[in-house]
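For the sequence shown, full-length UniProt numbering begins at 1 and goes up steadily by one.
Every residue, glycine too, gets a C-beta built ideally from N, C-alpha and C.
Notes follow once the structure below has been shown.
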Amino acid sequence: MESKVIIVTGASRGIGLAVAQSLLDASHKVVLVSRSADQLEELKKRYPSQVAYLAADMTVADTAWKAKELAILTFGRIDGVVVNHGMLSPMTRIENTSIEEWKKLYDANFFSALALTKETIPHLRASKGRIVFVSSGAATGAYTSWGAYGSSKAALNSLAKHVAVEEPAITSVAISPGRVDTDMQKELREKGTEMAKKDYDTFQADFEEGRLIKPEQAGGVIAKLSLDAKPELSGKYFKWDASELAEYRQ
């Protein structure tokens, strides 16, 4: 496959780092965005001609523009975007919640994703590119105290649908990576005290019994989708291990 240029957010750890590593190992070029620079700098040292990075918070107003500009100035094009950044907290029941905390989460999980989408659409249209939104099973289900996170991911799924209908040249998909062994799962175990016990216990058991998905498993699928997701997938939401994505797990 010809080398492509992919922007990956939340790229310093977990799923984002796994996506970046998969793309780099396949000789593609990546523009990595994360608040933490250390891991990004390490990747830059290992793959000097393939990596450009931006250490910045995606919720800051001009970060999306800077990421797009970095991709164009460094590599001359954008073929794909992986919107992976986000946050889980606040984890609290709706009656106990802070509206300001919900707004902060929506800035991280939705509005910053919208900003990056808006900035990159002209370039993805030109390259007939892909945009992959990292969603969650919480987008289509519900757990006690997950209202902020789940509804923000549902909004992300809707954004994927609207990009698909407005931009037929761009393949836009939303992917649930499942229960992945990342810092977010650790945060869930530590802060999910308002969850229903029966639900919380399933997350705890998946961790204790070794059933959590490795970042490389879901990340590998997301990386391949950012390169060559088929147009017929556009606008749809899938779990990472859905039968429709079997070829991307090979």
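Is residue i buried or exposed, if buried means 16 or more other CB atoms sit within 10 Å of its CB?
i	result
residue 168	exposed
residue 90	buried
residue 250	exposed
residue 235	buried
residue 121	buried
residue 146	buried
residue 165	exposed
residue 141	exposed
residue 186	exposed
Note down the Cα distance separating residue i from residue j, rounded to an integer number of angstroms.
i	j	result
residue 216	residue 15	7 Å
residue 17	residue 11	5 Å
residue 176	residue 213	12 Å
residue 7	residue 131	9 Å
residue 119	residue 197	42 Å
residue 38	residue 211	29 Å
residue 184	residue 79	28 Å
residue 101	residue 92	10 Å
residue 75	residue 52	9 Å
residue 105	residue 43	28 Å
residue 98	residue 242	36 Å
residue 63	residue 31	13 Å
residue 204	residue 192	10 Å
residue 24	residue 46	10 Å
residue 9	residue 209	30 Å
residue 111	residue 27	31 Å
residue 71	residue 150	31 Å
residue 22	residue 95	42 Å
residue 2	residue 228	11 Å
Name the one or two DSSP bridge partners that residue i has.
i	result
residue 126	Answer is none; residue 126 lacks a bridge partner.
residue 155	None, per the DSSP bridge assignment.
residue 239	176
residue 23	Bridge partners of residue 23: none, in fact.
residue 80	6 and 130
residue 29	5
Can you tell me which of the three DSSP states residue i falls into?
i	result
residue 7	strand
residue 149	helix
residue 121	helix
residue 17	helix
residue 174	strand
residue 106	helix
residue 51	strand
residue 219	helix
residue 213	strand
residue 131	strand
residue 34	strand
residue 66	helix
residue 191	helix
residue 45	helix
residue 162	helix
residue 252	The structure shown does not extend to residue 252, since the chain is modelled only from 1 through 250, so no value can be given for it.
Smallest Cα separation from residue i: which of the options?
i	options	result
residue 148	107, 204 and 7	107
residue 181	152, 155, 219 and 103	219
residue 190	95, 88, 103 and 210	88
residue 240	22, 136 and 45	136
residue 61	202, 116, 193 and 173	116
residue 178	139, 27, 2 and 68	139
residue 109	164, 85 and 206	85
residue 4	188, 49, 234 and 199	49
residue 246	235, 231, 59 and 224	224
residue 226	122, 97 and 171	171
residue 158	114, 69 and 47	114
residue 123	77, 56, 133 and 162	77
residue 128	81, 194, 65 and 68	81
residue 252	35, 67, 65 and 231	This structure cannot speak to residue 252, because the chain is shown only from 1 to 250.
Would the C-beta of residue i count as close to the ligand GDP, meaning under 8 Å from any of its heavy atoms?
i	result
residue 181	With respect to small molecules bound, the structure shown includes none, and the ligand GDP cannot be examined in it.
I want to see whether chain B comes within less than 9 Å of residue i, judged by CB atoms only; does it?
i	result
residue 222	Given the protein chain composition of this structure (a single chain), no chain B is represented.
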